[in-house]
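Presented below is the structure to which this report refers.
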Amino acid sequence: MPGIQAQAFEEDLEENIPQDHIFRTFDLLRTSEDTQYPPFIDLRRPAGETALLARIASGHCKVGAYFHKMHIDAPDAPIACPCGTIDIQTIVHVITDCPITDPARHLLENDDGDIDLTTLFTDKLDSFLKWLKATHSFTRRFGETLGPVSPRQGASDLVGFSVVD
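Numbering (our numbering), first residue to last: 835 to 999.
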């Protein structure tokens, strides 16, 4: 039964999601023998989180590339990133390169300081959700003041602190 379910899942994704789609970026598509539902689909998370993760994974979220693809031309649907460094805002840009999200990017980095997009929906899921909440990424509030973020590991918030002998 799991093999049939996995094959049906893969066929549904292949039919409805183009090969170059963002699903491939996050490594959520596999062969039918080992295809799994993404871990966030277990529905043990709040519906808002699950919905946002599904929109990001499918590419149907508030990001310039989606607005451009769907020919959405509205003041609340900008195609360029508010950071001003890219003409068509993409999901990957927001996660890996956007200066707006840089202060919270350490939440997504591995021990080497790199971001592995294929781990965001698995090993880094809790950190990804914290990052999404702090940065307001892929929501109407993107570009506003960042939410609370724990400091980068090794950083000190005791600027100007000194010890006198």
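All residues carry an ideal CB built from backbone N, CA and C; glycine is no exception.
C-alpha gap between residue i and residue j, whole angstroms
i, j, result
"residue 956", "residue 907", "34 Å"
"residue 893", "residue 950", "18 Å"
"residue 869", "residue 918", "Confidence is the limiting factor: at residue 869 the pLDDT is only 49, short of 50, which leaves the residue's position unreliable, though a coordinate-based value still follows. Cα to Cα, the separation comes out at about 38 Å."
"residue 979", "residue 934", "9 Å"
"residue 959", "residue 952", "10 Å"
"residue 1035", "residue 891", "Any answer about residue 1035 is impossible in this case: the structure gives the chain only from 835 up to 999."
"residue 884", "residue 878", "9 Å"
"residue 910", "residue 977", "12 Å"
"residue 954", "residue 901", "23 Å"
"residue 926", "residue 975", "18 Å"
"residue 922", "residue 912", "9 Å"
"residue 943", "residue 928", "14 Å"
"residue 969", "residue 930", "13 Å"
"residue 916", "residue 924", "12 Å"
"residue 945", "residue 932", "20 Å"
"residue 905", "residue 886", "21 Å"
"residue 920", "residue 947", "23 Å"
"residue 961", "residue 882", "16 Å"
Cβ-Cβ separation, residue j to residue i (assumed contact under 8 Å), whole Å
i, j, result
"residue 914", "residue 898", "6 Å"
"residue 972", "residue 903", "Not a contact, Cβ separation roughly 15 Å."
Near the ligand GTP: residue i beta-carbon under 8 Å from a heavy atom
i, result
"residue 944", "Among the components modelled here there is no ligand, and therefore nothing to report on the ligand GTP."
Cβ pair count under 8 Å reaching 3, the segment 939–948 against the segment 963–975: Yes, the segment 939–948 touches the segment 963–975.
Contained alpha helix (DSSP H) runs [length at least 4] in the segment 912–989, N- to C-terminal order: Runs found: 925–930, 959–969.
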